[in-house]
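>
Residue numbers (my numbering), protein chains in the order written: chain A, 26 to 209; chain B, 464 to 731.
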């Protein structure tokens, strides 16, 4: 068990490193023609396992870090990330969040939703991004990448919680109702 | 379903986004610079890791070579072999630097050599970041060339230690270019498809331009952004557009944009 604030810090730290990884390592783009975005997958984790403050912070900071290293207008990624996070957050009581299938599906949906929204925002605000039939393939790669990354992120955070968290006292096997009383 | 904290979070995020989107561009650029400086330790860490990997690779290779050579030439002493290996590396490096120097001497103007440190994380732009910035004399719109002298793009934004280069094929990188043939007609090199990183389209060419596959395309110098006669690539094919009024040529870029590691920035 780790505290909420520590979990928030962990999520933000992972987001910071994830954005840097996307810009620094070119392997996936080299092989598949598109780079995978890990922020939507991370947002799925944050919205299922943490509070609204973490979701808002991840959208605000993660989106800005991404835009900083990208040629995106500054701040354009924030709203799509937050919208994806809010959608999951508001329905999370209905989601079997521990099931891998649910994580994969949500990761896939979020990894398609966020870039589509960003592209829509860019196109409607007069920017001219690279857009064509090839974008379909890029979306497929991003969706598949996000779908694979989401359960991995859940696993990583589960491991971090086990390693860094306080385990809590285990219950005693002593039961007062089974006590053998002496006397009389 | 909606609680007060949700409204507050939504309000704060939307307010912050609107505020930042509507800030003056200079303030936005300063904010971007500020946030970018957070990544400085990671740049150092990456280059350190790269150097360490290189050194490890070199030492392993040397040991492997030495072991093999030790079997073949037992009488040779170890020191001589080490020196020979080192000399080979130095010779290779020397040759590479000589080539770059010759290229620099052939091309007038002042160039600064830089290294690509980051690539575009979003799939809808084509940019890289290099380790040259304002303190190295780099300014926006300066031409950027590959290590072997082909046009790569232009500087789109500059911070103190780093710059963003918008590459050929990005819709925001338009280059006035001409075809090397009798007509020497000029056109505009613009964007390409999202997956076509090796090709760009050259538009606004007349039907009488005499285009043929294999013809060399160079910068024309019109527009003032790029100096003339920087090689860009070769024509692969062409087609008529605008009801046959103009031609569009597909140009294969000579510079390897995907494997770009070292670049020249024309600072004068």
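Note that beta-carbon positions come from the ideal geometry of N, C-alpha and C, so glycine has one too.
What you are looking at is a predicted structure, and each value in this text was computed from that prediction instead of being measured.
Residue 120/A to residue 485/B, Cα distance in whole Å?
Their backbone Cα atoms lie some 37 Å apart in a straight line.
> Based on the DSSP secondary-structure assignment, which residues constitute the bridge partners of residue 665/B?
In the DSSP output, where bridge partners are listed per residue, residue 665/B has 652/B and 712/B.
> Excluding the 5 residues flanking residue 214/A on each side, which residues of the same chain have their C-beta closer than 6 Å to its C-beta?
Nothing can be reported for residue 214/A: it is not among the residues displayed for chain A, which extend from 26 to 209.
> Please report the residue range of the beta strand (DSSP E) in which residue 701/B lies.
Run containing residue 701/B: 694-704, per the beta strand (DSSP E) assignment.
> Would you list, in chain order, the members of the region 612-630 of chain B that have their beta-carbon closer than 8 Å to a beta-carbon of chain A?
Against chain A - using a Cβ distance shorter than 8 Å - the residues of the region 612-630 of chain B are 619, 627 and 629.
> Run through the DSSP bridge pairs and tell me what residue 198/A is partnered with.
BP columns for residue 198/A are empty, so no partner.
> Pick out whichever of 86/A, 85/A and 45/A has its Cα sitting closest to the Cα of residue 580/B.
Checked all of 86/A, 85/A and 45/A; the closest Cα to residue 580/B is 45/A.
> Going along chain A in order, which residues have a C-beta closer than 8 Å to the C-beta of residue 726/B?
Ordered by position in chain A, no residue passes the 8 Å Cβ test against residue 726/B, which lies about 15 Å from the chain.
> How far does the beta strand (DSSP E) with residue 727/B in it reach, from first residue to last?
Segment 725-729, the beta strand (DSSP E) holding residue 727/B.
> From the beta carbon of residue 502/B, is the nearest beta carbon of chain A less than 8 Å away?
Closer than 8 Å: yes.
> Counting C-beta neighbours from all protein chains within 10 Å, is the total for residue 126/A 16 or more, i.e. buried, or is it exposed?
Per the 10 Å Cβ criterion, exposed.
> Whose CA, out of 107/A, 136/A, 141/A and 153/A, lies closest to the CA of residue 478/B?
Closest option to residue 478/B, Cα to Cα, is 107/A.
> Could you check whether the region 638-650 of chain B touches the region 687-698 of chain B, counting it as contact only if at least three pairs of C-beta atoms, one from each stretch, sit closer than 8 Å?
Touching, yes.
> Considering only C-alpha positions, which residue in the set 531/B, 659/B and 629/B is nearest to residue 94/A?
Here the closest residue by C-alpha is 629/B.
> Since residue 75/A and residue 33/A are thought to touch, with beta carbons under 8 Å apart, how far apart are those beta carbons, to the nearest angstrom?
That pair is a contact at about 6 Å.
> Which residues bound the alpha helix (DSSP H) around residue 151/A?
First-last for residue 151/A: undefined, no H or E at that position.
> According to DSSP, is residue 678/B part of a helix, a strand, or is it coil?
Three-state result, residue 678/B: coil.
> What in chain B is Cβ-close to residue 77/A, meaning under 7 Å?
Going along chain B in sequence order, the residues near residue 77/A (Cβ under 7 Å) are 468, 469 and 472.
> Strictly under 8 Å for the Cβ-Cβ distance: is residue 85/A near chain B by that measure?
Answer yes: the Cβ-Cβ gap between residue 85/A and chain B drops below 8 Å somewhere.
> Can you tell me where the alpha helix (DSSP H) with residue 592/B in it begins and where it stops?
Residue 592/B -> not in any alpha helix (DSSP H); beta strand (DSSP E) instead, spanning 590-593.
> For residue 169/A, which option in 37/A, 130/A and 69/A has the closest C-alpha, if you only look at C-alpha atoms?
Of the candidates 37/A, 130/A and 69/A, the one whose C-alpha sits nearest the C-alpha of residue 169/A is 130/A.
> What three-state label does DSSP hand residue 528/B in the structure shown?
Helix.
> Could you check where the beta strand (DSSP E) with residue 170/A kicks off and where it finishes?
Element bounds for residue 170/A: not the beta strand (DSSP E) but the alpha helix (DSSP H), 158-189.
> Pick out whichever of 128/A, 148/A, 152/A and 103/A has its Cα sitting closest to the Cα of residue 180/A.
Checked all of 128/A, 148/A, 152/A and 103/A; the closest Cα to residue 180/A is 128/A.
> Note down, in chain order, every chain B residue with its Cβ under 8 Å from the Cβ of residue 156/A.
Here the neighbours are 587 and 657.
> Counting pairs of beta carbons, one from the region 77-91 of chain A and one from the region 187-205 of chain A, are three or more of them closer than 8 Å?
These segments do not touch.
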